[in-house]
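Asker: Numbering (the UniProt record's numbering), first residue to last: 1 to 371.
All C-beta atoms in this analysis are idealised placements derived from N, C-alpha and C, irrespective of residue type, glycine included.
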Amino acid sequence: MHSSYSTVGRLLIIATVATFGDGQTNYKRNLMQIGVHITYNHEIQEIFERERRDPNYYFTVLLNAVETRLATISDVTIELTLVGTNFINKSESIEDSHMDKKDILNSFKKYYTSKKFKLGCPDVTFYVTILAPMIDTAPKQNMRSATGRTLPPHRKKGEQATPPTPWPPRAYFMEQARDEGSWLYTAKIGGICGNESVGMFYDDGKTFFGVHALSREMAFLIGATRDNETHGVCARKNAYLTSFLDDTTTFRLSPCAKNGVHRFFLKNQDYNCWNDTPKPIMRNNWTLPAQYLEEYLTDGRVDLCKDQLFYFDLETCSKRYTTDRKSLSCRVFCCDEDTTVRSGYVVEPDGRYCGFLGHKMCIHGECVPFS
Numbered sequence: 001m002h003s004s005y006s007t008v009g010r011l012l013i014i015a016t017v018a019t020f021g022d023g024q025t026n027y028k029r030n031l032m033q034i035g036v037h038i039t040y041n042h043e044i045q046e047i048f049e050r051e052r053r054d055p056n057y058y059f060t061v062l063l064n065a066v067e068t069r070l071a072t073i074s075d076v077t078i079e080l081t082l083v084g085t086n087f088i089n090k091s092e093s094i095e096d097s098h099m100d101k102k103d104i105l106n107s108f109k110k111y112y113t114s115k116k117f118k119l120g121c122p123d124v125t126f127y128v129t130i131l132a133p134m135i136d137t138a139p140k141q142n143m144r145s146a147t148g149r150t151l152p153p154h155r156k157k158g159e160q161a162t163p164p165t166p167w168p169p170r171a172y173f174m175e176q177a178r179d180e181g182s183w184l185y186t187a188k189i190g191g192i193c194g195n196e197s198v199g200m201f202y203d204d205g206k207t208f209f210g211v212h213a214l215s216r217e218m219a220f221l222i223g224a225t226r227d228n229e230t231h232g233v234c235a236r237k238n239a240y241l242t243s244f245l246d247d248t249t250t251f252r253l254s255p256c257a258k259n260g261v262h263r264f265f266l267k268n269q270d271y272n273c274w275n276d277t278p279k280p281i282m283r284n285n286w287t288l289p290a291q292y293l294e295e296y297l298t299d300g301r302v303d304l305c306k307d308q309l310f311y312f313d314l315e316t317c318s319k320r321y322t323t324d325r326k327s328l329s330c331r332v333f334c335c336d337e338d339t340t341v342r343s344g345y346v347v348e349p350d351g352r353y354c355g356f357l358g359h360k361m362c363i364h365g366e367c368v369p370f371s
């Protein structure tokens, strides 16, 4: 149904992305084979049912995108395998509109502890939520887009900019990037293979919106350190993946975070959960998000701007989205509905072909070469 990369293509992509990230070819021998279980809430399940999508296929593609991003880690090869999924019914929901991220994460930890053996004791497990309460409900002069970028104040169709409207009471997790307290509620650094092998991220169940947050959570679990220095190559200002908790960062890890993964691997390589080969829940044909979404985007069932920035009256500026041509910027520009007025952008799905010369694809808004 959807075009995909072959296994050989997958290896070429990962090898090239790893080379691109380090500036030199790096033949890796250290291997972490990680079995991933994903639990999602009833709202995402409703989307899967309405869109007639297979959740196992969707989350397999999501993990493919994460694995491609983590291929930039030096000295350690990360292989991610979806080993199971389940959703929590509305009547048994572990979250409500009054809970913040800390509360939801703690609630999921309790849920996972009670269900761990029933879920097959995976190497790591994640909870996916589509909607979450915002702590700050005061009006804001400028709102952050789904990619963390500032958008102009909300305005109705045909009107000039109006006074700011209240922040939506429920919206995607848009973590406060400079709120130090938020770091307490990310996945534990080095938490894999134990009782702390738990993380949480947001996704819309349609556009792979959560790949960046999941990449960061996974990186923490396998030992990546936080970039919280003021100066140096790993300073926060360089905006590597673990520097801030929003989507404005690059998909690459800093040298410090990469070294953290390598040290963690060497320290725990003899006694761990990643030496066995996980059993996949389905055959992985190594599709990436751009290939998965190709049909949905071209026939209009998915509008990246409308779906990811649902709290604005925005739509993709191009009246006919096409994957026949290469992307020039790895960005999809958003316009006010029924106008040509640009109001920010979202990034192309990972795997979209881009650039003028050679073989390149988009990863988190960057045009990256691959063989």
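What separation, rounded to the nearest whole angstrom, lies between the Cα atoms of F356 and T77?
Answerer: Looking up residue 356 in the sequence shown gives position 356. Looking up residue 77 in the sequence shown gives position 77. The straight-line gap from Cα to Cα measures roughly 30 Å.
Asker: Considering only C-alpha positions, which residue in the set L80, F265 and V233 is nearest to R252?
Answerer: Taking the first residue of the sequence shown as 1, we reach residue 252 at position 252. Of L80, F265 and V233, the residue nearest in Cα terms is V233.
Asker: Return the bridge partner residues of C335 from the DSSP annotation.
Answerer: Along the sequence shown, one-based indexing puts residue 335 at 335. Answer is E315 and R342.
Asker: By Cβ distance below 6 Å, which residues in the same chain neighbour residue 389 in space, the five residues on each side in sequence not counted?
Answerer: Examination of residue 389 is not possible in this model, given that the chain is present from 1 through 371 alone.
Asker: Please tell me whether F87 and I44 are closer than 8 Å, where the distance is taken between their beta carbons.
Answerer: Here residue 87 refers to the residue found at position 87 when the sequence shown is read from its first residue. Here residue 44 refers to the residue found at position 44 when the sequence shown is read from its first residue. Yes; because the gap between Cβ atoms is below 8 Å, this pair is in contact.
Asker: Within the continuous beta strand (DSSP E) that includes P369, where are the two ends?
Answerer: In the sequence shown, counting from the first residue as 1, residue 369 sits at position 369. E366 to P369 is the span of the beta strand (DSSP E), which, as asked, contains P369.
Asker: What is the rounded straight-line gap between the Cα of Y292 and the Cα of V61?
Answerer: Working through the sequence shown from its first residue, we reach residue 292 at position 292. Working through the sequence shown from its first residue, we reach residue 61 at position 61. Taking the straight line joining both Cα atoms gives about 8 Å.
Asker: Would you call the CB atoms of P369 and H359 closer than 8 Å?
Answerer: Taking the first residue of the sequence shown as position 1, residue 369 is located at position 369. Taking the first residue of the sequence shown as position 1, residue 359 is located at position 359. Result yes, Cβ atoms of P369 and H359 sit closer than 8 Å.
Asker: Within this structure, are the beta carbons of E95 and S107 separated by less than 8 Å?
Answerer: If you number the sequence shown from 1, residue 95 lands on position 95. If you number the sequence shown from 1, residue 107 lands on position 107. Cβ atoms of E95 and S107: closer than 8 Å.
Asker: Under a Cβ-count criterion, where at least 16 other Cβ atoms within 10 Å of its own Cβ denotes burial, should M361 be classed as buried or exposed?
Answerer: Reading the sequence shown from its first residue, position 361 is the one you call residue 361. M361 should be labelled buried.
Asker: Which ranges does the beta strand (DSSP E) cover as unbroken runs of at least 3 residues, wholly within the segment 33-90, from first to last along the chain?
Answerer: As far as the segment 33-90 is concerned, its whole beta strand (DSSP E) runs of at least 3 residues are 76-88.
Asker: Here's a check: name, in chain order, each residue in its chain whose Cβ is nearer than 8 Å to the Cβ of G210, leaving out the five neighbours to either side.
Answerer: Against the sequence shown, residue 210 aligns to sequence position 210. Result list for G210: L62, V128, F201, Y202, D203 and D204, in chain order.
Asker: Measure the alpha-carbon distance for P55 versus I281 and round it to whole angstroms.
Answerer: To locate residue 55, count along the sequence shown from 1; it is residue 55. To locate residue 281, count along the sequence shown from 1; it is residue 281. If you take the alpha carbons of P55 and I281, they lie about 11 Å apart.
Asker: Do C367 and C330 have their C-beta atoms within less than 8 Å of each other?
Answerer: Residue mapping note: residue 367 aligns to position 367 of the sequence shown, counting from 1. Residue mapping note: residue 330 aligns to position 330 of the sequence shown, counting from 1. Yes.
Asker: I need the straight-line Cα distance from H98 to G199, nearest angstrom please.
Answerer: For this step, residue 98 is matched to residue 98 along the sequence shown. For this step, residue 199 is matched to residue 199 along the sequence shown. Each residue's Cα considered, the two are about 20 Å apart.
Asker: By DSSP, does Y240 sit in helix, in strand, or in coil?
Answerer: The residue you call residue 240 lines up with position 240 of the sequence shown. Reduced to three states, the DSSP call for Y240 is coil.
Asker: So the beta strand (DSSP E) V198 belongs to, where does it begin and stop?
Answerer: As a first step, residue 198 must be located in the sequence shown, where it is residue number 198. It spans V198 to Y202 - the beta strand (DSSP E) in which V198 sits, taken as one unbroken run.
Asker: Would you mind stating whether S245 and A257 have Cβ atoms separated by less than 8 Å?
Answerer: Numbered from its first residue, the sequence shown carries residue 245 at position 245. Numbered from its first residue, the sequence shown carries residue 257 at position 257. At residue 245 the sequence reads Leu, which differs from the Ser that was named. Their beta carbons are not under 8 Å apart, which means L245 does not touch A257 by this criterion.
Asker: Near residue 374, what residues of its chain come up, given a Cβ to Cβ distance below 6 Å and the 5 sequence neighbours on each side ignored?
Answerer: Because residue 374 is not part of the residues shown, which for the chain are 1 to 371, the question remains open.
Asker: If L82 and I38 are in contact, beta carbons under 8 Å, what's the gap, nearest whole angstrom?
Answerer: One-based indexing of the sequence shown puts residue 82 at position 82. One-based indexing of the sequence shown puts residue 38 at position 38. Yes, L82 and I38 are in contact; Cβ-Cβ is about 7 Å, under 8 Å.
Asker: How about F126: is its Cβ closer than 7 Å to a heavy atom in the ligand NAP?
Answerer: For the structure depicted, the ligand NAP is absent and the ligand set is empty, with no information on it obtainable.
Asker: Are the CB atoms of C335 and L309 within a distance shorter than 8 Å?
Answerer: Start at 1 with the first residue of the sequence shown, and residue 309 comes out as number 309. Start at 1 with the first residue of the sequence shown, and residue 335 comes out as number 335. In this structure, C335 does not lie closer than 8 Å to L309 by Cβ.
Asker: Quick check on the DSSP output: the alpha helix (DSSP H) that includes Y127 runs from which residue to which?
Answerer: Translated into the one-based positions of the sequence shown, residue 127 becomes position 127. It is not in any alpha helix (DSSP H) - Y127 instead sits in the beta strand (DSSP E) that spans V124 to T129.
Asker: Ordered along the chain, which non-local residues of its own chain (more than five positions away) have a Cβ less than 6 Å from that of N284?
Answerer: Taking the sequence shown and counting its residues from 1, one reaches residue 284 at position 284. Excluding positions up to five away in sequence, the list reads T60.
Asker: Alpha carbon to alpha carbon, how far is residue 415 from K188?
Answerer: Here the chain comprises residues numbered 1 to 371, so residue 415 is not present and cannot be evaluated.
Asker: Helix, strand or coil for S327, going by three-state DSSP, please let me know.
Answerer: The residue you call residue 327 lines up with position 327 of the sequence shown. Correct three-state label for S327: strand.
Asker: Suppose the cutoff is 8 Å on Cβ atoms and the five residues either side in sequence are ignored; what does the same chain contact list for T250 look like?
Answerer: To locate residue 250, count along the sequence shown from 1; it is residue 250. These residues qualify, in order along the chain: A239, Y240, L241, H364 and E366.
Asker: Name the one or two DSSP bridge partners that C362 has.
Answerer: Numbered from its first residue, the sequence shown carries residue 362 at position 362. The partner list for C362 (beta bridge, DSSP) reads C367.
Asker: Could you compute how far the alpha carbon of R226 sits from the alpha carbon of K109?
Answerer: The count along the sequence shown starts at 1 and reaches residue 226 at position 226. The count along the sequence shown starts at 1 and reaches residue 109 at position 109. The straight-line gap from Cα to Cα measures roughly 22 Å.
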